[in-house]
Every structure is written in C-alpha cells, then in structure tokens.
Amino acid sequence: MHTPSAQPRPSIYYNYQVFKPWLSSQNPPQPKHKVVIVGAGPAGMVTALELARHGVSSVLLSAELQFSQGSRAIVFTRRSMEILQQVGVAHRVTENGLPWRCGNSIYRGQKVFRMETPHDPDDRFFPMINIQQQYLEEYLHDACAANELIDVRWGNKLVKAENIEGGVKAEIDTPEGPYTLDTEWLVAADGGRSEIRSGMNLKLEGASFESIFVIADIRIDLPYPTERLAFFDPDWNRGNTILMHREPHGIWRVDYQLPPGETPEEALRPESLKQRIDAQLKMIGFEGKPWEMDWNSVYSARTLTLPEYVHKRIVFTGDAAHLLPIFGVRGANTAFQDAQSLGWHLAYVVKGHAPEQLMQNHSAERVGAAREIITEAGKSTRFMAPPSRGFRLLRDAVLSLSLTQEFVRPLYHWRTSRPHAYSHSLLNSPCDDNLHFTGGPAVGAPPQNVQLQADDHLLDHLGGGFDLVYVADTQGVPFEITQAVARIQQQGTPLKLTAVSAQATPLKGAHQTLHDPQQRFANRYSVQAGGAYLFRPDQHICARWQQLDAARLQQSLQVACMQ
Amino acid sequence: MNTQATLDIAGLEQVYDALATAIDQAGADKSELFLVKLALLNAKAMGNPQVFEAQIASALQDL
Numbered sequence: 091m092h093t094p095s096a097q098p099r100p101s102i103y104y105n106y107q108v109f110k111p112w113l114s115s116q117n118p119p120q121p122k123h124k125v126v127i128v129g130a131g132p133a134g135m136v137t138a139l140e141l142a143r144h145g146v147s148s149v150l151l152s153a154e155l156q157f158s159q160g161s162r163a164i165v166f167t168r169r170s171m172e173i174l175q176q177v178g179v180a181h182r183v184t185e186n187g188l189p190w191r192c193g194n195s196i197y198r199g200q201k202v203f204r205m206e207t208p209h210d211p212d213d214r215f216f217p218m219i220n221i222q223q224q225y226l227e228e229y230l231h232d233a234c235a236a237n238e239l240i241d242v243r244w245g246n247k248l249v250k251a252e253n254i255e256g257g258v259k260a261e262i263d264t265p266e267g268p269y270t271l272d273t274e275w276l277v278a279a280d281g282g283r284s285e286i287r288s289g290m291n292l293k294l295e296g297a298s299f300e301s302i303f304v305i306a307d308i309r310i311d312l313p314y315p316t317e318r319l320a321f322f323d324p325d326w327n328r329g330n331t332i333l334m335h336r337e338p339h340g341i342w343r344v345d346y347q348l349p350p351g352e353t354p355e356e357a358l359r360p361e362s363l364k365q366r367i368d369a370q371l372k373m374i375g376f377e378g379k380p381w382e383m384d385w386n387s388v389y390s391a392r393t394l395t396l397p398e399y400v401h402k403r404i405v406f407t408g409d410a411a412h413l414l415p416i417f418g419v420r421g422a423n424t425a426f427q428d429a430q431s432l433g434w435h436l437a438y439v440v441k442g443h444a445p446e447q448l449m450q451n452h453s454a455e456r457v458g459a460a461r462e463i464i465t466e467a468g469k470s471t472r473f474m475a476p477p478s479r480g481f482r483l484l485r486d487a488v489l490s491l492s493l494t495q496e497f498v499r500p501l502y503h504w505r506t507s508r509p510h511a512y513s514h515s516l517l518n519s520p521c522d523d524n525l526h527f528t529g530g531p532a533v534g535a536p537p538q539n540v541q542l543q544a545d546d547h548l549l550d551h552l553g554g555g556f557d558l559v560y561v562a563d564t565q566g567v568p569f570e571i572t573q574a575v576a577r578i579q580q581q582g583t584p585l586k587l588t589a590v591s592a593q594a595t596p597l598k599g600a601h602q603t604l605h606d607p608q609q610r611f612a613n614r615y616s617v618q619a620g621g622a623y624l625f626r627p628d629q630h631i632c633a634r635w636q637q638l639d640a641a642r643l644q645q646s647l648q649v650a651c652m653q
Numbered sequence: 507m508n509t510q511a512t513l514d515i516a517g518l519e520q521v522y523d524a525l526a527t528a529i530d531q532a533g534a535d536k537s538e539l540f541l542v543k544l545a546l547l548n549a550k551a552m553g554n555p556q557v558f559e560a561q562i563a564s565a566l567q568d569l
C-alpha cells in the first residue's frame, strides 16, 4: 500500500494543489502500453509531451500527489526555453519569470569578475530566466493534462521494473495496493535517487565532491537587479562560497557552503540557518532587514553519469541517468535536452520510422553530452568546492591574485549549461556539403535561432518532425525537391518542407513559407538560394547543402532514421 | 624581453635572497599561498604550459 501525503506542502508563496490518485478500481483493465514514464518531474513531463507531439501515447507516473517541494531548479537557459517552446509552455515561463544575463563574483568586498552574457538579437529567449520549479511543473502538467495522449497518474509509485521478452513488466503501488503494467518501453525519469537505477545495480562513472551546500529560499525585499551574485571566502564563512539568485514573488535563493565536517542535520536547524542568513545579510549591508523562510535543503556537487542510458527496454533520463553540478545550472537544463532527444528517438522506434537500433544513438549522443558537461562543470566545481588541499591552494591563490591581476579573472567563469553538438552522430549525413560551408551551424550542432521579423523567429516554425529549410529564389521551390519531399513523406518519414523567401507570397510545394525580407536566415546560416539545412525533430542539424538535390536528400533521411 | 635571457650566478643569488626574504615576510601561515601565487605569475610570464609542467616534474624530484 502506498500512501503519499495528501497535505499540501507548506509554502509562503506557492499554493500546492493536491491531486487525486489514479486507482485501478476506478479504471478499466490495462492493455500493454507503448511507453510508461516513471517520474513526473521536468524530465518525465517533457518526454511525455515530445512523445505525444510525435503521436505516441504514454502513461506518466508520479509517486506523489503534488508538485515537487521547494523551488529546486530555478535558472533556465536559452536552449531550455527553446525546448519548452517546442512543448508549448515557454510563454508561461516568459510571463512569470525573471530574465537575466549578468553575474558578479565578489572577493573581499571587491567585484573581481563580471560576466555579461550577450543577448544575441536573433535569439528569442534571454540567456537565463529564473522561475521556481513548482511553476514550471505546473505549466508542464497543465500541458500534459490537456493532451489526450498522456495519461497522468498521481499517487502511483513504481516498486519494480523488469525487462522481459518484448518489453517491461512494472509493478506499481497505490493507496489501494499494487497493480501490474505491461509496457513496450519504460522511461526511468525518477530522479537523482532513482530506485530503478539502484534496483538494477547500475554504477555511475565520475566523481563526487565532499563539500555540502545549504540552499534556502527566503522572502526579503532587496534592491538588487536579477543578476547572479557569488561571494568568495567572506569573513563570516571563511574559505567557503555564497551564491544569491533572485526569484519571482520577492524570493531570494541563498546558497552557502558548509565547513567540512558539519552534518546536514546540524546545518538545517532553524537557529543555524538564521545565524548564517543574518550574517550574509549583514555582510551585504542589510542587517536587520526582515525576512521569512520558505524552504531549505542541502546538496553536494557531483559529476556522475551512467555510461549507457538504454538497458534493453528501460531508458534512463534526467537525474536518473546523471548527477551534474549546480554550478553552471546543469541539472534541469540537461534534463530538457535529454527529454527532447528521447522523445523523438523513442517515438520513431515505436512508430516504426526507425529500427530499435536508433535508441543506441540517443544514448551515445546524450552520454557524450554528459561527459562534456562533467569535463566543463568539473572545472567550475573544483573552483567552487575544492576537493583537495592542492585545489584549495590554487583556488585561494587565484582569489588573492584576482584583486590586482586581470589574467586569472576568467577562472571565475561558471560555464553555464549549453546545448551540445552531436558532431559524430551516426545520423549525420554522409552526403552533404557540410565541409564546404564557411559559416553557419555545422552538422550535429544545435539550431541557431534567427529573427526574421519583429516577434517572428525561425524556431517558432520548426519542430514535430524533420524540417527541411530551403532557401528559395524568385522561382520558388524546384519540382524535383517538392517531389522528393512528397516521396519521403509517403514512405512514412515525417518531413516538412519550409521555404525561406525574401517575398511574402507563399511558395508552391512548401508546407510553409517564411518571409525573410532581410535574408537573415541566409546570412546567419551562410547559405544561398538553392541551399538547404535539414533539422532533426530535436532541431539539431543533420545535413546541410549549398545546392540541394533529391538523391542526397533521400539518402540523408535514410541515414538519419537508420534505414 | 630578451628570449635568450639566462640566469647567471649574480641573478640566481638575487632570486635566492629575494625569495627567502619574501617567504619570511609572508609568514608561516601564508608562505604556501604566496608560493602558489608566485608560480601562477611565473606561468603567465613564461607563457608555455608544457615548460611549466616540465618544471613541476623537476621540482617533484628528490623531495
């Protein structure tokens, strides 16, 4: 019997809705499902929404009856917002979130490093935007609940998942006892402490860092803009770091490192929290300013990944697949990329557009991304949470030097989460003009957004399948091309032809025509009339041509679907 | 800067005395931190990570 709490979680600013559990007795007997997703956090919900976009239904299980406790992941990157736009919720984050692009590092009262990430005019979204995770989950859940292909089940806790012939057998516990589900695929999106992962005895590769950090959300009126603040080795917390981030509703995240040896229990005692938060406020000149605690927790930094995400019919994603540092905001932001990739790879296998082998590509690409993150974020982590005496000495030497020496200041760069280039993907075209280009995103790269006109960007129009974006001249799209696209569609591969035109008139044969009066796409993508880019369903580029022809297009789609 | 510059005996004696004095000036608590800072500043002046790593190997010998 699984009895999740029906008490709304406490919060001074967020009203937790308690949902009704899904119970066997109230539902028909269960067929064999296509996909069961365990975990309704950001990774699970984006996976469900992307699967649905590609026409695949899923069952989405949440052990709890309400959204996650506390604000958790609060910073979402530009790429994450592009992915959230694909699943239809970015506008809600934009409405309620706090966009930003600058951060400051302070040592001995001096601002020793300031990073101003540029906001490229071609990007719709800001480099970063802050909103509490409960709101993000609410927006995602609203989209899931409105989608007839997604069956959200609250109060359903997975207790066992077993690979069997042709699928997975799942045992799920509920407030009225357990039931069994048979499914073709099971997505383990059950978070950092994944019981599916531990139940299968899977080992993570990489490093764990000993240092513990407290995160506390307080409501306080501080006159700062939305910029990251990082304080190094302050007087009240010698040798340690403090981060502060602004959230909506007058909430501030205070994040501080604990001295070695202190336990989470000691650190989370209300008196300890109060003493340290008061010390931080005093240091920044706001002693005595009234504040209220909303939520607090502890974390430690880890740079870990499974070496393989696909285990027969069980696929790991998000924190269940990897544990990545808070430095550079790597957790949820990586999960969105995983989920977007998983959504289309799995959908195409389930729908028969590609063989099961395609899932190996998903794993290879995303494990590759995790390893890149571990390398990059590892550097930031060794700076923020030095794991040894040697690293601590180097960090402290840099802090001291940074007061007068410019050359060390770039070491403060926190290396924000970014999308990854799948440069060696098996799905990349063997017959395109990639190497002949002198500009534009290369094959494997994530998309570069383009502002075509006011409030009209390239990525507003792509997604849901493969997108062939063709630069047309006044003659329109050649018949050879529209015929080739139609043939590919008839063979069952979802492909849309988008024509980019300097004129407003829609062009014959194209699914849609993008009016690009200033030829910004051609400039940004370094491509002339007759050329084209082929975007995958996750908008990564898998082929590009300076002069497109039907034969190479056909072959590239076959390679992209491993046919 | 003269890339052929070498450290003659007079120069070595100058460095020797300056470094010893500086270590004393930094004090027991801070001399390690001082030396790491100095190493980074020297690495910047040298501009060659491979040479720096070769120096690390030399300095690790016979400790």
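From first to last, the protein sequence lines are chains R and F.
So that you can map any letter, position 201 of the first sequence is 291 in the numbering used here, and since no number is skipped, the others follow by simple counting.
So that you can map any letter, position 40 of the second sequence is 546 in the numbering used here, and since no number is skipped, the others follow by simple counting.
Note that the Cβ used here is the ideal one computed from N, Cα and C, for glycine as well.
Taking only beta-carbon positions, decide if residue i is within less than 7 Å of chain F.
| i | result |
| --- | --- |
| R:A357 | no |
| R:D689 | The requested residue 689 of chain R does not occur in the structure, where chain R is confined to residues 91 to 653. |
| R:F109 | no |
| R:F481 | no |
| R:F497 | yes |
Determine whether the beta carbon atoms of residue i and residue j lie at a separation below 7 Å.
| i | j | result |
| --- | --- | --- |
| R:A640 | R:A574 | yes |
| R:L558 | R:L587 | yes |
| R:P132 | R:A437 | no |
| R:Y190 | R:T331 | A small correction: the amino acid at residue 190 of chain R is Trp; Tyr does not occupy that position in the sequence shown. It is not a contact, given that the beta carbons lie outside the stated cut-off. |
| R:G257 | R:E274 | yes |
| R:Q609 | R:A622 | no |
| R:V242 | R:A235 | yes |
| R:A357 | R:V304 | yes |
| R:G468 | R:T583 | no |
| R:G245 | R:P94 | yes |
| R:R485 | R:F473 | yes |
Determine the DSSP secondary structure at residue i, reduced to helix, strand or coil.
| i | result |
| --- | --- |
| R:H51 | This structure does not reach residue 51 of chain R, given that chain R is present from 91 up to 653, and the question cannot be answered. |
| R:A130 | coil |
| R:S490 | helix |
| R:C632 | strand |
| R:M474 | helix |
| R:H514 | coil |
| R:D428 | helix |
| F:N508 | With a pLDDT of 49 at F:N508, under the threshold of 50, the modelled position of that residue is not reliable, and the figure given next carries that caveat. Three-state DSSP puts F:N508 in coil, outside helix and strand. |
| R:Y229 | helix |
| R:V136 | helix |
| R:I221 | coil |
| R:L239 | coil |
| R:Y269 | strand |
| R:D591 | Checking the sequence, you will find Ser at residue 591 of chain R rather than Asp. Strand at R:S591. |
| R:E398 | coil |
| R:V533 | coil |
| R:G296 | strand |
| R:N291 | coil |
| R:A357 | helix |
| F:F558 | helix |
Is the Cβ of residue i closer than 7 Å to any Cβ of chain R?
| i | result |
| --- | --- |
| F:V557 | no |
| F:L566 | no |
| F:N508 | Confidence is the limiting factor: at F:N508 the pLDDT is only 49, short of 50, which leaves the residue's position unreliable, though a coordinate-based value still follows. Chain R contact via Cβ: absent. |
| F:V521 | no |
| F:E546 | The sequence shown places Leu at residue 546 of chain F, not Glu. So, interface residue. |
| F:K550 | yes |
| F:K536 | no |
| F:L513 | no |
| F:L569 | no |
| F:A525 | Looking at the sequence shown, residue 525 of chain F is not Ala but Leu. F:L525 does not count as touching chain R. |
So, for residue i: in the same chain, excluding its five sequence neighbours on each side, which residues have a beta-carbon less than 6 Å away from its beta-carbon?
| i | result |
| --- | --- |
| R:V249 | E261, D263 |
| R:L643 | A574 |
| R:K402 | N253 |
| R:E206 | C192 |
| R:R710 | Residue numbering for chain R in the displayed model covers 91 to 653; residue 710 of chain R lies beyond these limits and cannot be assessed. |
Can you find a CB in chain C that lies within less than 7 Å of the CB of residue i?
| i | result |
| --- | --- |
| R:S490 | The question asks about chain C, but that chain is absent: this structure's protein chains are R and F. |
Kindly list the residues whose CB is nearer than 7 Å to the CB of residue i, restricted to its own chain and excluding five residues on each side of it in sequence; keep chain order.
| i | result |
| --- | --- |
| R:G187 | I219, N220, I221, P338 |
| R:D44 | This structure cannot settle anything about residue 44 of chain R, because the visible part of chain R is limited to 91 through 653. |
Below 8 Å CB to CB, which residues in the same chain sit around residue i once its five sequence neighbours on both sides are set aside?
| i | result |
| --- | --- |
| F:N508 | Reliability fails at F:N508, whose pLDDT of 49 lies under 50, so the model's placement of it is uncertain and the value that follows must be treated cautiously. The answer is none, since no qualifying residue turns up. |
| R:P350 | E300, S301 |
I'd like to know if the region 134–150 of chain R and the region 488–497 of chain R are in contact, where contact means that at least 3 CB-CB pairs between them fall below 8 Å. no
Per the contact definition of three or more C-beta pairs closer than 8 Å, is the region 537–548 of chain R in contact with the region 206–215 of chain R? yes
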